[in-house]
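Chemist: Residue numbers (the working numbering): 11 to 180. The beta-carbon is built from N, C-alpha and C at its ideal position, and this holds for glycine as well. Okay, handing you the structure first.
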């Protein structure tokens with residue numbers, strides 16, 4: 011699979027909707043960006059965007075003072091102000107969206123620098139007010155049974171010359 015990891019957009023922010031759609035783009039109201047129509051229309055992406063919007067309602071503004079609201083149907087945006095809550099959910103869902111698109115074989119919507127930004131933003135939000143048990147030993151790390159690890163090539167591999175077998179694995 012040869013993916014473009016640049017995080018390119020289908021049309022620039024502020025593009026006229028007709029021109030963007032003529033280019034095969036669809037507007038993503040979660041990120042204010044024009045992405046290629048095919049991954050945007052995929053049922054799993056549609057469900058993800060619905061989940062994001064169900065966390066709202068989101069009110070976006072042209073000004074930091076929140077006096078001039080951006081209409082929710084606006085698709086001609088170059089910038090806007092959102093709450094920290096929306097930015098936090100945006101980061102969570104765009105990280106999911108990026109992984110989803112890659113797993114479906116589409117170029118990811120965001121580049122690695124956006125992943126760095128969002129993971130740092132999420133950690134900063136947690137560290138600003140950490141849970142009381144943050145430093146306690148309370149998480150048992152184990153693969154989820156419904157999502158077992160896929161080991162390739164088959165393990166143990168013949169070329170590794172492994173002869174050790176734990177008891178119970180005869």
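Count the other C-beta atoms from every protein chain shown that fall within 10 angstroms of the C-beta of residue 100, then say buried if there are 16 or more, exposed otherwise.
Modeler: Result: buried.
Chemist: Which residues in the same chain have their Cβ closer than 6 Å to the Cβ of residue 43, if we skip the five residues on either side of it in sequence?
Modeler: Excluding residues within five positions, the ones whose Cβ falls inside 6 Å are 19.
Chemist: Helix or strand or just coil, what does DSSP make of residue 89?
Modeler: Correct three-state label for residue 89: coil.
Chemist: Quick check: what's the CA-CA separation for residue 88 versus residue 24?
Modeler: Rounded to whole angstroms, residue 88 to residue 24 spans 5 Å at the Cα level.
Chemist: Going by DSSP in three states, residue 20 sits in which element: helix, strand or coil?
Modeler: If DSSP states are grouped into helix, strand and coil, residue 20 belongs with coil.
Chemist: My parser needs the alpha helix (DSSP H) runs of 4 or more residues fully inside the segment 57 to 119; what are they?
Modeler: With a minimum length of 4 residues, the continuous alpha helix (DSSP H) runs that stay inside the segment 57 to 119 are 94 to 113.
Chemist: Out of 49, 84, 65, which one is the CA nearest neighbour of residue 120?
Modeler: Comparing Cα-Cα distances from residue 120 to each of 49, 84, 65, the minimum goes to 49.
Chemist: Within its chain, find whatever has a CB closer than 8 Å to the CB of residue 97; leave out the 5 residues flanking it on each side and keep chain order.
Modeler: So the list reads 131, once near-sequence residues are dropped.
Chemist: Rounded to whole angstroms, how far is the Cβ of residue 55 from the Cβ of residue 107, which I believe are closer than 8 Å?
Modeler: The Cβ separation is near 7 Å, so the contact holds.
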